[in-house]
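Residue numbers (numbering that gives the first Met the number 0), protein chains in the order written: chain A, 0 to 557; chain B, 0 to 314. Positions of the beta carbon are idealized from the N, C-alpha and C atoms, including for glycine. I have placed the structure first, in the form of structure tokens, so that the comments after it can refer back to it.
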Amino acid sequence: MSEKSKRQAAVPAWKIWANPIVARYARSRLRITGFGVQLMVVMLIAGFIFFAGRAAGVHQLNFDAVGAARGPIIPLLVLQGIVLLLLGTGQVAGGMTAELDEGVLDYQRLAPMTPLAKVLGYLFGLPIREWALFLATMPFTIVSVVQGEVPIHYFLQLYAVFVMAAILYHLTGLVAGTVMKNKRWAFLASMGMVFLLYTVIPQAAKFGLVYFKYLTIYPVLEEVLPFLLESRVGMVMEGYQQLMPSAKFFGLNLPQYVFTLISQAVLSFAMGLMLWRRWRKNDCHLLGKFSAVAIFAWLQAVLLGNSLPLVNQGDIFPSREFDRRFGRFLDTAAEGWSPAPAEALVMVGLYGLVTLFCLWAMIVLITPRTDDQMRGWRRARKFGKTGLPPLWDSATSTPWTAMMAAMGVGGWYFFAKSLMESRWYPGLDLTGGTLIAMVLVIFGGGLSIQALLEAKGKKYTGVTVLLVGMVPVMIAVIVGLNSDRLLPAAIWLAGMCPLLWPVYGAYMAIPIDDMPRDFIRAVPNAFWFWQGVVILLSGWLLVKLRESRKAIAEASKE
Amino acid sequence: MSEQAIEIRDLRVDYGDFVAVRDISLRVPYGEVFGLVGPNGAGKTSTFKVLTTLMEPTYGEVSIAGLDIFEQAEEARELMGYMPDLAPVPSDLKLWEFLDFHANTHRLGNGKERRARVDECLELVNLLDKSDSWCKELSRGQTQRLVLAKTLLHRPKVLILDEPASGLDPLSRREMRMILQDLAKQGSTIIVSSHILSELAEMCSSICVMNQGELLASGSAEEVRSQLGSVERRLTAVVLGDASPVVSWLEGRNGVSGISADGTRASFNFVGSDEEQGRLLRDLATAELGLRSFEEGSSSFEEILVKVAEGNRES
Chain A
0 MSEKSKRQAA VPAWKIWANP IVARYARSRL RITGFGVQLM VVMLIAGFIF
50 FAGRAAGVHQ LNFDAVGAAR GPIIPLLVLQ GIVLLLLGTG QVAGGMTAEL
100 DEGVLDYQRL APMTPLAKVL GYLFGLPIRE WALFLATMPF TIVSVVQGEV
150 PIHYFLQLYA VFVMAAILYH LTGLVAGTVM KNKRWAFLAS MGMVFLLYTV
200 IPQAAKFGLV YFKYLTIYPV LEEVLPFLLE SRVGMVMEGY QQLMPSAKFF
250 GLNLPQYVFT LISQAVLSFA MGLMLWRRWR KNDCHLLGKF SAVAIFAWLQ
300 AVLLGNSLPL VNQGDIFPSR EFDRRFGRFL DTAAEGWSPA PAEALVMVGL
350 YGLVTLFCLW AMIVLITPRT DDQMRGWRRA RKFGKTGLPP LWDSATSTPW
400 TAMMAAMGVG GWYFFAKSLM ESRWYPGLDL TGGTLIAMVL VIFGGGLSIQ
450 ALLEAKGKKY TGVTVLLVGM VPVMIAVIVG LNSDRLLPAA IWLAGMCPLL
500 WPVYGAYMAI PIDDMPRDFI RAVPNAFWFW QGVVILLSGW LLVKLRESRK
550 AIAEASKE
Chain B
0 MSEQAIEIRD LRVDYGDFVA VRDISLRVPY GEVFGLVGPN GAGKTSTFKV
50 LTTLMEPTYG EVSIAGLDIF EQAEEARELM GYMPDLAPVP SDLKLWEFLD
100 FHANTHRLGN GKERRARVDE CLELVNLLDK SDSWCKELSR GQTQRLVLAK
150 TLLHRPKVLI LDEPASGLDP LSRREMRMIL QDLAKQGSTI IVSSHILSEL
200 AEMCSSICVM NQGELLASGS AEEVRSQLGS VERRLTAVVL GDASPVVSWL
250 EGRNGVSGIS ADGTRASFNF VGSDEEQGRL LRDLATAELG LRSFEEGSSS
300 FEEILVKVAE GNRES
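What follows is the structure, given as structure tokens:
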């Protein structure tokens, strides 16, 4: 052992190809026995799409050679999406959990590589087979693009966003794999996330939460689609495009692909930050308190920044899009479109709900467990401190929750105000009562969950959320379906559920007159009653939390 | 360079209310083979996890070769080799690939140089002929040896081995012990935990006994035996006639318990220092009870640790 080891200089993290973790997975996941079969299948499918698409274009649809060459581009993109976005994400999450489960992850923790190099190693190493399969299909796409005379910058825009989306989803899969303990669940949950992102979540974009569509490749695909299709079909699409709004962020008019890249890059950074923290210190929270508040602020900024510029033109309303796409075809004489108040109600309610969800997610990430607090106190005492420094993972998350709740109320209020006081609703004004309702919903929902989580832990909170969040709604649905006379009772029962508070709160702002009389009376009464209960409950929980913190501080003196 | 290969000061590890390691401090000089022994739950693995940067303690300072492992974790990792208890291996790699990957993380030259080092380590643990086998095909003992080879790849200054012989048959244990003894001769500092205490006693230049997160004793094997053995010793007085008068004489004396007589032999337990024991026996010899000789039952390491563990359970 006296022989001096011949160490080379550390490889910079950005040199992905020289990363030992990438090399390790290239060796195991690109073996001819496993990879070869998958490569053959993918090449067969890609080849079939390529040749069948061209043949159908020329012989069945009577496209010219250029138009027919464009035919396979979109089907190939779908295939690439399935391989890289869907299977790749599942592989990353499942592979990470498997490493954890087998126990070999500790070796990598001990490897003298920087946390960033380890994150990048797993990010590009675990899905290396999917990247290889994706690259194997690219020659078909490139031939189609060249022969189809697609302008190169549209091709580059589309694939830049596609690659960025793959990185974002793979990072999300890595986070899921780091947190989840079961390989199969991690695999399914990550693929489910991508599936939802492309099916359910874009629907939220139609109701004012425009930002969500920028987490997919849809915006840039819509923008470049006319140039990827046969020219006649493309012209029709282009006609639609001219009617569609471009990406706006407050006063900025950005190209769709630029804003999509920025949105995905910021979220990728957040995911990377979580992984970097975990690689640096195994038992720390995924996000620090300051980072969580910053990310929450960013989410509020993009939710508002993307939606507010669309209010004045009416482009934010779902009925406007429907009117533009189909209205003129259905009724050429249609004029004087205006949004219904119910649209604003749904949009305001949805904004509040998404804000509450984001707040809860951040609370779960930054709230310390009892164990963390105990260790934190002991450490603080050892260092001669009289309290826990507020940025430590073990410190309480109450003030940070309050800070994020204040941002959430601000964002929600501005969104509702911009919508209601726009030219579309001349009779509507935002009252002080609405602001109070918003404060109660966000602060009550946030602080009560935070106090419960910090004082009692995840299991207790989970069961409470299940009982309060789901059971009353289920009973309310059964009661409501039994008889119209029982509708007020159902509304009162459902009002207990925090998920419905933003909707009830939105109704405080935008009352819909053409609803049943019982409904109109029951919603405000139920809302204020339950908010009163929430004030008392939150106050009691915060007192209990204070007592619990004192008890932990005392116990830690041992 | 620091004088100590490993230095731990005021280390504490908590899991909620449970204190796994309670304010321990210890020093391991260079070139030492240091054994950490104790019953299950003594805090050995928690200490090792902190030492290897896998876990952050509640508080405490730990340095390896003078490097603060919390501030200079990456540099410290270059210097240490860690072999965990029941070490796992990946199922999708061959032996040489597994080792080559780790050689690569330690930047041990280009592909050819790494392969040479991999073969060298495989030969050291007698697995060179299985170089192209899959890791998952190895037996328990072979897996332990493979992980030891991985631990040795980058020629670490400090080897941290958590129960390296667990699950091994006697022959594999012997092989493992010989490999570690060779490494020690070559100057590596080794810190090892084991339940095979007699083997540790043979192999280690110093030993530390842990129980319930605390250090009970440390020093050479004999010193530790003496320190722990002094807690309770079994003494026997052999007399010329009936031993009953000796029993009467011993009753009620400080530190004496469990007195029994069998013909000419009176046996009893004694708790006290070596000086106190000397005084007691001198008084007995001068009491004119026909004393012919004394015997002291020497506790084996296993017996001592069984006592420690039993005390652990009772408390």
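What residue range does the beta strand (DSSP E) around B:ALA260 cover? Taking the second sequence and counting its residues from 1, one reaches residue 260 of chain B at position 261. Here the beta strand (DSSP E) through B:ALA260 covers 255-261.
Taking 9 Å as the threshold (C-beta atoms), are B:LEU145 and B:LEU94 in contact? In the second sequence, the residue the question calls residue 94 of chain B occupies position 95. In the second sequence, the residue the question calls residue 145 of chain B occupies position 146. One thing to note: B:LEU94 has its Cβ within 9 Å of the Cβ of B:LEU145.
Check whether the Cβ atoms of A:ALA188 and A:ALA175 sit closer than 9 Å, and answer yes or no. Mapped onto the first sequence, residue 188 of chain A falls at position 189. Mapped onto the first sequence, residue 175 of chain A falls at position 176. In this structure, A:ALA188 lies near A:ALA175, with their beta-carbon atoms less than 9 Å apart.
For a cutoff of 9 Å on Cβ pairs, would you count A:VAL438 as touching chain B? Mapped onto the first sequence, residue 438 of chain A falls at position 439. No, no contact with chain B.
Which listed residue (B:GLY254, B:ARG264, B:GLY140 and B:ALA260) has its alpha carbon closest to that of B:GLY271: By 1-based counting over the second sequence, the position of residue 271 of chain B is 272. Nearest option by C-alpha distance: B:GLY254.
My parser needs the alpha helix (DSSP H) runs of 4 or more residues fully inside the stretch 46-130 of chain B; what are they? Those alpha helix (DSSP H) runs which fall completely within the stretch 46-130 of chain B and span 4+ residues are 72-78, 94-104 and 110-123.
Looking at A:TYR197: is its Cβ nearer than 9 Å to the Cβ of A:TYR217? Here residue 197 of chain A refers to the residue found at position 198 when the first sequence is read from its first residue. Here residue 217 of chain A refers to the residue found at position 218 when the first sequence is read from its first residue. Less than 9 Å divides the Cβ of A:TYR197 from the Cβ of A:TYR217.
Can you grab the Cα-Cα spacing for the pair A:ALA332 / A:ARG319, in whole Å? Walking along the first sequence from the start, residue 332 of chain A turns up at place 333. Walking along the first sequence from the start, residue 319 of chain A turns up at place 320. Bear in mind that a pLDDT of 49 at A:ALA332, under 50, signals an unreliable position, so the model cannot answer this.
Roughly how far, in whole angstroms, is the beta-carbon of A:VAL91 from the beta-carbon of A:HIS152, given that I think they are within contact range, below 8 Å? For this step, residue 91 of chain A is matched to residue 92 along the first sequence. For this step, residue 152 of chain A is matched to residue 153 along the first sequence. No, A:VAL91 and A:HIS152 are not in contact; Cβ-Cβ is about 30 Å, not under 8 Å.
Per DSSP, B:ARG8 forms a beta bridge with which residues? Walking along the second sequence from the start, residue 8 of chain B turns up at place 9. Residue pairing by DSSP places B:ARG8 opposite B:GLU60 in a beta bridge.
Of the choices A:TYR503, A:SER421, A:LEU452 and A:ALA475, whose alpha-carbon is the least far from that of A:ILE435? The count along the first sequence starts at 1 and reaches residue 435 of chain A at position 436. Cα-wise, what sits closest to A:ILE435 is A:TYR503.
Could I get the ranges of all uninterrupted alpha helix (DSSP H) runs contained in the stretch 124-209 of chain B, with 4 residues as the minimum, in chain order? The stretch 124-209 of chain B is shown to contain whole alpha helix (DSSP H) runs of 4 or more residues at 139-151, 169-184 and 196-202, in chain order.
Given that a residue counts as buried once 16 or more other Cβ atoms are within 10 Å of its Cβ, and exposed if not, what is A:LEU544? Counted from its first residue, the first sequence places residue 544 of chain A at position 545. Burial call: buried.
Segment limits, alpha helix (DSSP H) that includes B:PRO244: In the second sequence, counting from the first residue as 1, residue 244 of chain B sits at position 245. If you look at B:PRO244, you'll find it in the alpha helix (DSSP H) that goes 243-249.
The alpha helix (DSSP H) that contains A:ALA9, what's its start and end? The count along the first sequence starts at 1 and reaches residue 9 of chain A at position 10. Premise fails: A:ALA9 is in no alpha helix (DSSP H) and is neither H nor E.
Around the Cβ of B:HIS149, are there at least 16 other Cβ atoms within 10 angstroms (buried) or fewer (exposed)? Here residue 149 of chain B corresponds to residue number 150 of the second sequence, with the count starting at 1. The sequence given here has Lys at residue 149 of chain B, not His. So B:LYS149 ends up on the buried side.
Using a C-beta cutoff of 9 Å, does B:ARG176 count as contacting chain A? If you number the second sequence from 1, residue 176 of chain B lands on position 177. Not one beta carbon of chain A lies nearer than 9 Å to the beta carbon of B:ARG176.
Per DSSP, which residues does A:SER267 bridge with? Please list them. Position 268 of the first sequence, counted from the first residue, corresponds to residue 267 of chain A. In the DSSP output, where bridge partners are listed per residue, A:SER267 has none listed.
What are the residues of the stretch 271-282 of chain A that lie near chain B, defined by any Cβ-Cβ distance shorter than 9 Å? Along the stretch 271-282 of chain A, the positions whose C-beta sits under 9 Å from a C-beta of chain B are ARG279, LYS280, ASN281 and ASP282, read in chain order.
Nearest by alpha-carbon distance to B:HIS153: which of B:MET177, B:ASP161, B:GLU136 and B:SER187 is it? On the second sequence, residue 153 of chain B is found 154 positions in, with the first residue counted as 1. Residue B:SER187 is the option with its Cα nearest to B:HIS153.
Between the Cα of B:ILE5 and those of B:GLU174, B:TYR14 and B:LEU25, spot the shortest distance and give me the residue it belongs to. Counting from one through the second sequence, the residue named residue 5 of chain B turns up at place 6. Considering only alpha carbons, the answer is B:LEU25.
Measuring CB atoms only, is the stretch 207-215 of chain B touching the stretch 30-42 of chain B, in the sense that at least three cross pairs come out at less than 8 Å? Yes, the stretch 207-215 of chain B touches the stretch 30-42 of chain B.
Kindly give me the distance between the Cβ atoms of B:ILE159 and B:PHE69, rounded to whole angstroms, as I take these residues to be in contact under 8 Å. Counted from its first residue, the second sequence places residue 159 of chain B at position 160. Counted from its first residue, the second sequence places residue 69 of chain B at position 70. The pair is not a contact, with the Cβ atoms about 16 Å apart (cut-off 8 Å).
Contact defined as beta carbons within less than 8 Å: I believe A:GLY479 pairs with A:TRP529. What is the distance between those atoms, to the nearest angstrom? Along the first sequence, one-based indexing puts residue 479 of chain A at 480. Along the first sequence, one-based indexing puts residue 529 of chain A at 530. At roughly 17 Å, the Cβ-Cβ gap does not stay under 8 Å, so A:GLY479 and A:TRP529 are not in contact.
Check whether the Cβ of A:ARG28 lies closer than 9 Å to any Cβ atom in chain B. Reading the first sequence from its first residue, position 29 is the one you call residue 28 of chain A. Look at A:ARG28: its C-beta is under 9 Å from a C-beta on chain B.
I'd like the list of long-range same chain contacts for A:TRP391, defined as Cβ closer than 6 Å, with 5 residues on each side in sequence excluded. Residue mapping note: residue 391 of chain A aligns to position 392 of the first sequence, counting from 1. Taken in chain order, the residues that qualify are GLY375.
Buried or exposed for A:ARG53, please, with buried defined as at least 16 other CB atoms from any protein chain shown within 10 angstroms of its CB. Residue 53 of chain A sits at position 54 when you count from the first residue of the first sequence. With 16 or more other Cβ atoms within 10 Å, it is buried.
For chain A, check one thing: does any of its Cβ atoms lie closer than 9 Å to the Cβ of B:ASN39? Within the second sequence, numbered from 1, the residue matching residue 39 of chain B stands at position 40. By this cut-off, B:ASN39 is not an interface position.
As assigned by DSSP and simplified to three states, the class of A:ARG422: What you label residue 422 of chain A is simply residue 423 of the first sequence in a count that begins at 1. Note: A:ARG422 maps to coil in three-state DSSP.
How should A:PRO389 be labelled, buried or exposed, when 16 other C-beta atoms within 10 angstroms of its C-beta is the threshold for buried? Within the first sequence, residue 389 of chain A is the residue found at index 390, counting from 1. That one is exposed.
Under 7 Å by beta carbon: chain A residues contacting B:GLY15: Within the second sequence, numbered from 1, the residue matching residue 15 of chain B stands at position 16. Residues of chain A passing the Cβ test: THR369, ASP370 and MET373.
Own chain partners of A:GLU148 with C-beta closer than 7 Å, once the 5 adjacent residues on each side are dropped: Reading the first sequence from its first residue, position 149 is the one you call residue 148 of chain A. Leaving aside the five residues that flank A:GLU148 on each side, the residues in its chain whose CB is nearer than 7 Å to its CB run, in chain order, VAL65.
I'd like the ranges of any alpha helix (DSSP H) spanning at least 4 consecutive residues and lying wholly in the stretch 33-91 of chain A. The DSSP assignment places 64-69 and 72-79 as complete runs of the alpha helix (DSSP H) inside the stretch 33-91 of chain A, in order along the chain (cut-off: 4 residues).
Please decide whether B:ASN103 counts as near chain A, where near means a Cβ-Cβ distance under 9 Å. The residue labelled residue 103 of chain B in the question sits at position 104 within the second sequence. Contacts with chain A at 9 Å (Cβ-Cβ) include B:ASN103.
With burial defined as no fewer than 16 other Cβ atoms inside 10 Å of the residue's Cβ, what is the status of B:ASN103: buried or exposed? In the second sequence, counting from the first residue as 1, residue 103 of chain B sits at position 104. By the beta-carbon neighbour count (other beta carbons within 10 angstroms, threshold 16), B:ASN103 is buried.
Taking CB distances under 9 Å as the criterion, tell me whether A:TYR106 reaches chain B. Taking the first residue of the first sequence as 1, we reach residue 106 of chain A at position 107. So, interface residue.
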